[in-house]
Structures are given as C-alpha cells and as structure tokens.
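Reviewing the structure listed below.
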Amino acid sequence: IFRSSKIRSFEFCSEFIINASTIRSERAAVRAMRPRPRLQGEEMPDRHMELIVLRACDERIPRLFLKRWLAEITRELSKSNLLVSAKKQLRSAKTLTLVFVSESEMQRLNFEFRKKNKTTDVLSFAPTDSDSLGELVLAPTVIRRQAIDHGLTFRDELGYMTLHGVLHLLGYEHEKSEAASRRMLQL
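Here the sequence shown stands for residues 255 to 441, where the numbers follow our numbering.
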C-alpha cells in the first residue's frame, strides 16, 4: 500500500508520551471540543481543508466524524496562540491524509522510520507538496485500547490522536524538552 502512497522517509512525530495528569486534562479538553451533532437541515461548516481517508485495515473508520473534527480543529487552532508559521501552514493547507493501518503494519513503519520495534498509535509525516498539511498514519486497534484505558469512547480518543498528530505536523514537539512539551500541550 505504501508504494503508491506519499509516505517515504519523512520527519515523524514522537509517540504519545506525557504524564497521566496531562493526559486527563487534555482528554477533558477533547471532550469539550467534540463536534456537536448537526441539527436537521443544518449545513456542514465551511472548510477549506479536504480530508483524505485511506483504510488499510479491517477496522471501521468514522469518516464523517473525522471530517467534522478536522473542521473543528482548524477553526479552534486558527483562533489559538499558534506560532505564526504554524498558522500560515494551517491556512494554506488544502488536504490532510489519514491512513489507517493494522498493528503489525504500524509496528513495521515505526521500526522503519523511528527504529522502535513496537507498535504506536500515530505517526506524522511531513507533506510532500505545498497544498498538503501532511499525513497521519493511525493504528485504530491501538487507539481503541487506549480509549478503554483512558475511559473514553473510540471517537474521543481518535479525535485526540488526530489533534495530537496535526500539532506535530504544525511543528510542535513534546519529546525535545519540557518547555516544548508545555507549549504543545497548552494548545
């Protein structure tokens, strides 16, 4: 599947490693930001970024939820205290690609690109063209397990991991230093 994909040897995000109290506070923020249900006859919010979803696993993927969530993420991040370069990147991006893979494929990718022989929840790939925000590769079975561990729904955890990956694509990092971690987590 990755032969025809844009995924090659791009910059990656780090796996999700933050302390439990931060996880709880961030997860509560995700629940608060969850897209509200649409009222009958209500139009979808106007979005400038197209979401491309590729599924290379057996899990069902909630595409409509992800489209609404992406609209919510872009709207909220554009109002937040992002770095100027990140705001420009977010405004100019026309696409974001999400690739859903099996645990074994995620472990293979994690080893190939990060030299870590274990599965992870999300990997972020920098864009290959100027119209793209980049690509997120997600392992839904890992995300589903994490949702149970964190007392969340699969959609809440998926939304959080999507937001987490988007922040990495915008240049935010949490493993380089404690200060960088705080900057990313404050968003």
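Even glycine gets a Cβ: it sits at the ideal position worked out from N, Cα and C.
**Study point:** Beta-carbon proximity list for Ser386, same chain, < 6 Å, skipping 5 on both sides
**Key:** What you label residue 386 is simply residue 132 of the sequence shown in a count that begins at 1. If we look at Ser386 and ignore the five residues flanking it on each side, its Cβ neighbours are Thr349.
Exercise for review: Determine the burial state of Asn364: buried for a count of at least 16 other Cβ atoms within 10 Å of its Cβ, exposed for fewer.
Suggested key: Position 110 of the sequence shown, counted from the first residue, corresponds to residue 364. Looking at its Cβ environment, which holds 16 or more other Cβ atoms inside 10 Å, Asn364 is buried.
Exercise for review: Please state whether DSSP places Gly388 in a helix, a strand or coil.
Suggested key: What you label residue 388 is simply residue 134 of the sequence shown in a count that begins at 1. Three-state result, Gly388: strand.
**Study point:** N-terminal and C-terminal residue of the beta strand (DSSP E) that Glu304 is part of
**Key:** Taking the first residue of the sequence shown as position 1, residue 304 is located at position 50. Per DSSP, Glu304 belongs to the beta strand (DSSP E) from Glu304 to Ala310.
**Study point:** Neighbourhood of Glu304 by C-beta, 8 Å cutoff - its chain only, sequence neighbours within 5 removed
**Key:** As a position in the sequence shown, residue 304 is number 50, starting the count at 1. Closer than 8 Å at the Cβ level, and outside the excluded window around Glu304, lie Lys348, Thr349 and Leu350.
Point to revise | Nonlocal neighbours in the same chain, by C-beta distance under 6 Å from Asp383, ignoring five residues either side | key: For the purposes of this step, residue 383 is identified with residue 129 of the sequence shown, where counting begins at 1. So the list is empty, once near-sequence residues are dropped.
Practice item. Buried or exposed for Asp312, please, with buried defined as at least 16 other CB atoms from any protein chain shown within 10 angstroms of its CB. Key: Within the sequence shown, the letter at position 58 stands for residue 312. Residue burial annotation: Asp312 is exposed, with fewer than 16 other C-beta atoms found within 10 angstroms of its C-beta.
Exercise for review: State buried or exposed for Ser378, treating a residue as buried only when at least 16 other CB atoms are found within 10 Å of its CB.
Suggested key: Position 124 of the sequence shown holds residue 378. By the Cβ neighbour-count rule, Ser378 is buried, with 16 or more other Cβ atoms within 10 Å of its own.
Practice item. Work out the CA separation of Arg399 and His422 for me, nearest whole Å. Key: The residue labelled residue 422 in the question sits at position 168 within the sequence shown. The residue labelled residue 399 in the question sits at position 145 within the sequence shown. Cα to Cα, the separation comes out at about 22 Å.
Check your understanding: With 16 other CB atoms within 10 Å as the buried threshold, where does Ile402 fall?
Key -> Along the sequence shown, one-based indexing puts residue 402 at 148. The residue is exposed, with fewer than 16 neighbouring Cβ atoms inside 10 Å.
Check your understanding: Considering only residues of the region 316-362, which uninterrupted beta strand (DSSP E) runs meet the minimum length of 3 residues and lie entirely inside it, listed in chain order?
Key -> Given a length threshold of 3 residues, each whole run of the beta strand (DSSP E) inside the region 316-362 is given here in chain order: 349-355.
Point to revise | Distance between beta carbons of Gly419 and Ser339, contact taken as under 8 Å | key: The sequence position of residue 339 within the sequence shown is 85, counting from 1. The sequence position of residue 419 within the sequence shown is 165, counting from 1. No, Ser339 and Gly419 are not in contact; Cβ-Cβ is about 18 Å, not under 8 Å.
Check your understanding: Considering only the beta carbon of each residue, do Leu352 and Leu390 sit closer than 9 Å?
Key -> As a first step, residue 352 is located in the sequence shown; it is residue number 98 there, counting from the start. As a first step, residue 390 is located in the sequence shown; it is residue number 136 there, counting from the start. For Leu352 and Leu390, yes; Cβs fall inside 9 Å.
Practice item. Excluding the 5 residues preceding and the 5 following Asn371 in the sequence, name in chain order all residues of the same chain whose CB lies nearer than 6 Å to its CB. Key: Residue numbering aside, residue 371 sits at position 117 when the sequence shown is read from its first letter. Around Asn371: Phe365.
Exercise for review: Select from Thr395, Ser332, Leu324 and Glu326 the residue whose C-alpha is nearest the C-alpha of Glu357.
Suggested key: Counting from 1 along the sequence shown, the entry for residue 357 is found at position 103. Comparing Cα positions, the closest option is Thr395.
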